[in-house]
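**Q**
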Amino acid sequence: MALTLKNLIGGRWQEAASGKTLASINPANGEVIGTVPSSGKVDVDKAVEAAREAYKKWRLTPAPKRGEILFRAAGLLLKHKEELGRLVTSEMGKVLPEGLGDAQEAIDMAFYMAGEGRRLSGETVPSELPAKDCKSVRVPIGVFALITPWNFPTAIPAWKMLPAIISGNTVVFKPSSYTPLSAGRLVELINEAGLPDGVVNLVHGTGDETGEYLSTHPGIDGVSFTGSTAVGLKLARVCGGLDKEISCEMGGKNPIIVMDDARLDLAIEGALWGGFGTSGQRCTAASRVIVHKKVYGEFKERFVRMAKALKVGDGTDPSTHMGPVINDAQMKKVLDYIEVGKKEGARLATGGRRLTDGSLAKGFFIEPTIFEATPEMRIAREEIFGPVVALIKAEGLEDAINIANNVDYGLSSSIYTQDVNNTAIAERDLEAGLVYINAPTIGAEIQLPFGGTKKSGLGRKEAGGRGGSLDMFTKWKVIYRDFSGRLQKAQIDKD
Ligand code: NAD
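Here our numbering is used: the first residue of the sequence shown is 918, the next is one more, and so on.
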């Protein structure tokens, strides 16, 4: 049965003022699985106002109390993990274990950020003057616009929403219009944990209408965006001009380097998972595999053989290895890139076609595709965001690292080798926010910062650890308290 979800504004679930709706479609069979409001300016205005109002009290709510609500939210998410994971799979297409993993990431983040409610620590340092103390504290920034993509429909929203609210901010969240149901259900569960009205507001809608109006709204203090580089850079320019805080996590063209001493079984398994997991629709997908010339032939033969054996189909079927791509437009984009690859002279080693056998014809399925490419080709430089891997031959470690670095992106990277010196050089020289050793480019854990360099990331990073998203959602305030009862002058008084 199709679901009907609404916007959440000031604690009240409601339709868009215009009454317009958007449909959510299952990419495995083209069926409409639900509808959500298509919000306009009036809805966004109301949501921002509700968030501004709620901010007055929420910022003063003790952080451990905020944490208690997040603990309850974590419990509710855990209880509904199966339901959420299935919703993610039916709306986004990833196979069920990955759908459940998406929900698990949201659960992990809820527990982790709930704990931050009792940390959020600053510094206390001695003063150079007597009877004076000095400390720094984290303070919230205000009202955040959260804009998220469709490829992690519950995980990425949780990565933003939970650190934002534990820090004392309130939010207006606009999820991708392709996966609104998963995001909506996530918000329902978090809200059910007992959030005061207006702390989390949800407005569904399209990017150019709802998203852009929200991000540039005068009542918004900061924007946390995850999505394509084109939209991220555009928003960063606009928001910069409006003096808003903005952080953008964007695209990638992530390389796996396979050295001649690598364990090829591990490297091939990693390249399959990195390249074709989530149908290649991860910002950290291993869309380039750069292989040492001495093992290139063997690697290619075994990698292609295993890619051919992947079963493509509906993600709810337990025998499926790879699901569909998100929608018709993305399918066309990927197929166009495959044509670009052929025209550029890349050798198609396997795949390259849309799959239309039987029930697959109703969905958006593409074969796992491997091209033998050279580094300057567009398919080896541009983000395709689909199940297409460019296999590239390298002369040695230095050449492999140069190839890896010679793109506009710098999100994730990986090297397979048994040589500790190779790992140290790769760790030092790969220009990326994440480096994996003997593991593929995907699989970040939430307790460390996440984000890229170059055109993959701008501003503060996401997730946990030092330099993680608490830095995105708080500002440092420094407090000096003089209890000497006289005027003391730093740098001037001698005793
Ligand atoms: P997208 O840029 O098209 O959309 C992302 C979000 O921005 C959506 O909610 C969309 O509605 C909204 N949006 C679109 N235009 C807007 C505008 N003008 N103003 C405000 N909001 C706007 O990206 P997508 O197709 O949803 O997601 C895929 C992209 O996301 C890929 O490039 C992928 O690499 C990237 N991504 C990056 C990360 C990361 O952490 N670096 C994680 C996941 C996905």
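By construction, the Cβ of each residue, glycine as well, lies at the ideal position given by its N, Cα and C atoms.
So which of P1057, F988 and K923 has the shortest CA-CA distance to W975?
**A** The candidate whose alpha carbon is nearest that of W975 is P1057.
**Q** I need the straight-line Cα distance from W1076 to G1214, nearest angstrom please.
**A** Cα-Cα distance, rounded: 41 Å.
**Q** Can you name, in chain order, every residue of its own chain whose Cβ lies under 6 Å from the Cβ of M1294, other than the five neighbours on each side?
**A** E1261 and A1263.
**Q** At a cut-off of 8 Å, would you count D1359 as near the ligand NAD, judging by its Cβ distance to the nearest heavy atom?
**A** The sequence shown places Ile at residue 1359, not Asp. No, the beta carbon of I1359 sits no closer than 8 Å to any heavy atom of the ligand NAD.
**Q** Determine the direct distance from the alpha carbon of G1122 to that of I1107, and round the result to whole angstroms.
**A** Cα-Cα distance, rounded: 20 Å.
**Q** Is the region 1179 to 1194 touching the region 1151 to 1162, taking contact as three or more C-beta pairs under 8 Å?
**A** The region 1179 to 1194 is not in contact with the region 1151 to 1162.
**Q** At a cut-off of 8 Å, would you count T1143 as near the ligand NAD, judging by its Cβ distance to the nearest heavy atom?
**A** Correct: T1143 has its Cβ closer than 8 Å to the ligand NAD.
**Q** Under 8 Å by Cβ, that's how I've got F1288 and L1272 pegged, so tell me the actual separation to the nearest angstrom.
**A** With 8 Å as the limit, F1288 and L1272 do not qualify as a contact, their Cβ atoms being about 18 Å apart.
**Q** Taking R989 and A1110 to be in contact with their CB atoms under 8 Å, please state how far apart those CB atoms are, rounded to whole angstroms.
**A** Contact flag correct, Cβ pair sits at about 4 Å.
**Q** Under 8 Å: does the beta carbon of S1196 sit that close to some heavy atom of the ligand NAD?
**A** Incorrect: S1196 has no Cβ contact closer than 8 Å to the ligand NAD.
**Q** Look at G1016 and G1232 and say whether their C-beta atoms are less than 9 Å apart.
**A** Taking 9 Å as the Cβ cut-off, G1016 and G1232 qualify as a contacting pair.
**Q** The ligand NAD heavy atoms versus the CB of A1147: any closer than 8 Å?
**A** For the ligand NAD, at least one heavy atom lies less than 8 Å from the Cβ of A1147.
**Q** Ignoring anything shorter than 4 residues or poking outside the region 1125 to 1205, list the alpha helix (DSSP H) runs there in chain order.
**A** Counting only runs of 4 or more, we get 1129 to 1132, 1146 to 1158 and 1181 to 1193.
**Q** Verify the CB distance criterion: does Q1198 have a CB-CB separation below 9 Å to chain C?
**A** Here there is only one protein chain, and chain C is not present.
**Q** Quick check on DSSP: helix, strand or coil for N924?
**A** N924: strand per DSSP, three-state reduction.
**Q** May I ask whether a heavy atom of the ligand ATP can be found less than 8 Å away from the beta carbon of Y1095?
**A** No copy of the ligand ATP appears in this structure; the ligands present are the ligand NAD.
**Q** Please state whether the Cβ-Cβ distance between T1267 and K1225 is less than 9 Å.
**A** Yes; because the gap between Cβ atoms is below 9 Å, this pair is in contact.
**Q** Specify, as a first and last residue, the run of the alpha helix (DSSP H) that G984 falls within.
**A** Unbroken alpha helix (DSSP H) run through G984: A980 to K996.
**Q** Using three-state DSSP, classify S1053 as helix, strand or coil.
**A** In the structure shown, S1053 sits in a strand (DSSP, three-state: E or B).
**Q** I need the DSSP call for L1314, collapsed to helix, strand or coil.
**A** Helix, per DSSP.
**Q** When DSSP labels each residue in this structure, what does Q931 get in the three-state scheme?
**A** Looking at Q931 - three-state DSSP - the assignment turns out to be strand.
**Q** Grab the span of the beta strand (DSSP E) containing S1331 for me, first residue to last.
**A** Its beta strand (DSSP E) spans residues S1329 to Y1333.
**Q** Between the region 1166 to 1180 and the region 1350 to 1358, can you find at least three pairs of beta-carbon atoms closer than 8 Å?
**A** Yes: the two stretches touch, three or more of their Cβ pairs being nearer than 8 Å.
**Q** Roughly how far, in whole angstroms, is the beta-carbon of A1062 from the beta-carbon of S1132, given that I think they are within contact range, below 8 Å?
**A** 5 Å between Cβ atoms; contact.
**Q** Going by DSSP in three states, A1307 sits in which element: helix, strand or coil?
**A** Strand at A1307.
**Q** Per the DSSP calculation, E1289 is bridged to which residue(s)?
**A** Per DSSP, R1264 and L1308.
**Q** Which residue wins for smallest C-alpha separation from P1241, given the options E1218, I1207 and F1302?
**A** Nearest of E1218, I1207 and F1302 to P1241, Cα basis: F1302.
**Q** Hey, how far is the Cα of D1138 from the Cα of L1387?
**A** Those two C-alpha atoms are separated by around 15 Å.
**Q** Buried or exposed: where does L1079 fall if 16 or more other Cβ atoms within 10 Å of its Cβ makes it buried?
**A** So L1079 ends up on the buried side.
**Q** Report whether the distance from the Cβ of F1367 to the nearest heavy atom of the ligand NAD is below 8 Å.
**A** Checking every heavy atom of the ligand NAD against the Cβ of F1367, one is found closer than 8 Å.
**Q** Could you check whether the Cβ of S1132 sits closer than 8 Å to any heavy atom belonging to the ligand NAD?
**A** The answer is yes for S1132.
**Q** In the structure shown, what three-state DSSP assignment does L1037 receive?
**A** Residue state, collapsed to three classes: coil.
**Q** Taking the alpha carbon of G1191 as the point to measure from, which residue in C1165, M1167, H1209 and F1220 has its own alpha carbon closest?
**A** Among C1165, M1167, H1209 and F1220, the Cα nearest to that of G1191 is on F1220.
**Q** Taking only runs that begin and end inside the region 1087 to 1121, name each unbroken alpha helix (DSSP H) of 4 or more residues, in chain order.
**A** 1097 to 1109, all fully within the region 1087 to 1121.
**Q** Does any heavy atom of the ligand NAD sit closer than 8 Å to the C-beta of D1417?
**A** With the chain running from 918 to 1412 in the structure shown, residue 1417 is simply not present.
**Q** Judging by CA-CA distance, which residue of M1009, V959, H997 and E932 is the nearest neighbour of E948?
**A** Checked all of M1009, V959, H997 and E932; the closest Cα to E948 is M1009.
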